[in-house]
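Mapping to my numbering: the sequence shown position 117 is 126, numbers consecutive. Working notes, structure below.
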Amino acid sequence: MPTQQKGFTLIELMIVVAIIGILAAIAIPSYQDYTKKARFSEVKSMTGGYKLAVELCIQDQGVAIGGTVANCGTGSNGVPAAITTNRGNVASIAVSGAGAITSTAVSAAGGYTYIMTPAVAAGGIDWTITGTCSAAGYC
Numbered sequence: 010m011p012t013q014q015k016g017f018t019l020i021e022l023m024i025v026v027a028i029i030g031i032l033a034a035i036a037i038p039s040y041q042d043y044t045k046k047a048r049f050s051e052v053k054s055m056t057g058g059y060k061l062a063v064e065l066c067i068q069d070q071g072v073a074i075g076g077t078v079a080n081c082g083t084g085s086n087g088v089p090a091a092i093t094t095n096r097g098n099v100a101s102i103a104v105s106g107a108g109a110i111t112s113t114a115v116s117a118a119g120g121y122t123y124i125m126t127p128a129v130a131a132g133g134i135d136w137t138i139t140g141t142c143s144a145a146g147y148c
């Protein structure tokens, strides 16, 4: 009576390894981009506290609609001091006298800049988002 072999042939195993390799080649770059976006979200989150402080400063200063924002820089009129050393994924955050907030990510989070510039409008304060994060799609 002939014995029947059980198991996989070498070709079947090679095909499975090739499929796993192809899936890994597609998934790894996507995962790395996802990781950078997640790290950069910390930069945007930490900028939120500065945004609120600048908005309060603008209200306290009584800036008119379309007026120029002044004296709302880092460390003045309730705006927190600048971050100049790495804190998590944030390399630095600074606010200009005109209230523009510039945040920079560490290299692990892409090293991109995130700039928020206020403009006093009829309905409140409009924020314009610029920086190197725009081209990368992280803003």
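Where a beta carbon is used, it is the ideal one built from N, C-alpha and C, also for glycine. Computed from a predicted model, the values in this text were never measured in an experiment.
Buried versus exposed call for Y123 [16 or more other C-beta atoms within 10 Å across all chains shown]: Position 114 of the sequence shown, counted from the first residue, corresponds to residue 123. Buried, because 16 or more other Cβ atoms sit within 10 Å of the Cβ of Y123.
Which of helix, strand or coil DSSP assigns to V88: Your numbering for residue 88 matches position 79 in the sequence shown. Coil at V88, not helix or strand.
Range covered by the alpha helix (DSSP H) that runs through G57: For the purposes of this step, residue 57 is taken as the residue at position 48 of the sequence shown. Segment L19 to Q70, the alpha helix (DSSP H) holding G57.
Could you check whether G108 and P127 sit closer than 8 Å to each other, using their CB atoms as the reference points? For the purposes of this step, residue 127 is taken as the residue at position 118 of the sequence shown. For the purposes of this step, residue 108 is taken as the residue at position 99 of the sequence shown. Yes, the Cβ-Cβ distance between P127 and G108 is below 8 Å.
Along the chain, where does the alpha helix (DSSP H) that runs through A117 open and close? For this step, residue 117 is matched to residue 108 along the sequence shown. A117 -> no alpha helix (DSSP H), and no H or E assigned at all.
A145 - DSSP class collapsed to helix/strand/coil: In the sequence shown, the residue the question calls residue 145 occupies position 136. Note: A145 maps to helix in three-state DSSP.
Taking all protein chains shown into account, decide if I102 is buried (16 or more other Cβ within 10 angstroms of its Cβ) or exposed. Numbered from its first residue, the sequence shown carries residue 102 at position 93. It counts as buried.
Can you have a look at A114 and say buried or exposed, based on whether 16 or more other CB atoms are within 10 angstroms of its CB? Numbered from 1 along the sequence shown, position 105 holds the residue referred to as residue 114. A114 is buried by the Cβ-count criterion.
DSSP three-state call for A109: helix, strand or coil? Within the sequence shown, residue 109 is the residue found at index 100, counting from 1. Correct three-state label for A109: coil.
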